[in-house]
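Quick notes on the structure that follows.
In my numbering, the protein residues as written are 1 to 429.
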């Protein structure tokens, strides 16, 4: 906040005034249970502010409520504050599976899924009941959220198909198999689920998604038609249908219905899909424009920003716009502190085109930034060797020779070949 000398404000006093007024607001006349249900509901739709407000009102309504304490414990755990999480869990009075779930998550967060799975599985009785299945499902969701889809599938396989929420179990299994690209299994499961619930549009959309990823675009289009005939609440079926019908070789890709809709809806993910299709078809000019539009629509700070800039830089390299590409590549390093993959990909494109000079120039940046260490030394060695890039890359080979003791002995023959073609010195980069 910028103010002149005649209009100064003490921001701390202002904050105290606001917080006091906010805390004096009387919450709507709802029960703690209602607030927590609403919190889960809003969280499911990504409505963070509304979810946090419901949590605040639940805490204000009954701060000592065990469910409120347990919710606080989960919130602190999500923030990485395990000491407060443990304290809230103890105050809640909950034990058993509720307490064990925290221990399981701690091990998952420590990247020890095998320990976490053993903790969960060893706690189960010989004969499983509904509460045991609830616990297994919660653990499976936890594993999946952290990317351990195979561990999630292991636990889900222990849940009986008589479980009251088995439809949710199947849905999570589908997500897990899709995450590890086991699409034939996904397709078989979804077809079985559709046979039982033929008017569930979400199942048709999931099947269409699977078919799209398998490259079966006609089947995808048919499944989208079934979903549209039932309903298309959030437009996913129409979006998939547009993806399947998109022709990257069309004279004017920007008049395509899907691209038009993506622009109207400011849908950056759809722009990225169409950009990717154009890139694969060699339409780098169209791809660059679509990636720019994706960047325009992408929320600030979103994790996809890195991928958008990375892909845009490669488009610009293909288009010969080296200066612009260089700015994009450098911005990746500023944003993330690491841009080795992008520089590597760009250099490979340049080497394929025979532009070894600029490719080497780009590779000097990650070397200068201290990124080319460990197995990246081996990646750089293989790249230069594959394209027989020696004399023009003396400085890069100098860096490799300097750290030769960090490179696997299986790469020694590449170093020997290079040593006979370049000056064996530590060249300045």
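Glycine residues also receive a C-beta, built at the ideal position from the N, C-alpha and C atoms.
Just so it is clear, the structure is predicted and the values come from calculations on it, not from any experiment.
Counting along the chain, no alpha helix (DSSP H) covers residue 405, and no H or E run does either. Taking a cut-off of 8 Å for Cβ pairs, the segment 220-229 and the segment 254-267 do not touch, as fewer than three such pairs fall below it. For the options 182, 111, 68, 343, the alpha carbon positioned closest to that of residue 371 is the one of 343. Around the beta carbon of residue 362, a 10 Å sphere encloses 16 or more other beta carbons of the protein chains shown; the residue is thus reported as buried. Residue nearest to residue 145 within the set 130, 66, 10, 173 is 173 (criterion: CA-CA distance). Across the set 239, 276, 250, 245, the C-alpha of 239 shows the shortest separation from the C-alpha of residue 266. Going by C-alpha positions, residue 164 is about 8 Å away from residue 130.
The beta carbon of residue 219 sits closer than 7 Å to those of 211, all from its chain and outside the five residues before and after it, given in chain order.
The Cβ neighbour count for residue 242, taken over all protein chains shown within 10 Å, is at least 16; the residue is labelled buried. For residue 325, the enclosing alpha helix (DSSP H) has its first and last residue at 322-336. Non-local beta-carbon contacts of residue 117 in its own chain, meaning distances under 6 Å to residues more than five positions away in sequence, involve 151 in chain order. Along the length of the segment 25-65, whole alpha helix (DSSP H) runs at least 4 residues long occupy 32-44, 48-61, reported in chain order. Here the alpha carbons of residue 355 and residue 394 stand approximately 16 Å from one another. In the structure shown, residue 369 adopts coil according to DSSP, grouped into three states. In summary, residue 199 is exposed, with fewer than 16 beta-carbon neighbours lying within 10 Å of its beta-carbon over all protein chains present. Contact fails between the segment 75-82 and the segment 36-47, because fewer than three Cβ pairs, one in each stretch, are under 8 Å apart. Under the three-state reduction of DSSP output, residue 214 falls in the coil class, being neither helix nor strand.
Secondary structure at residue 81: coil, using DSSP grouped into helix, strand and coil. By the criterion of a C-beta distance shorter than 8 Å, residue 213 is surrounded in its chain by 178, 181, 183, once the five residues flanking it on both sides are discounted.
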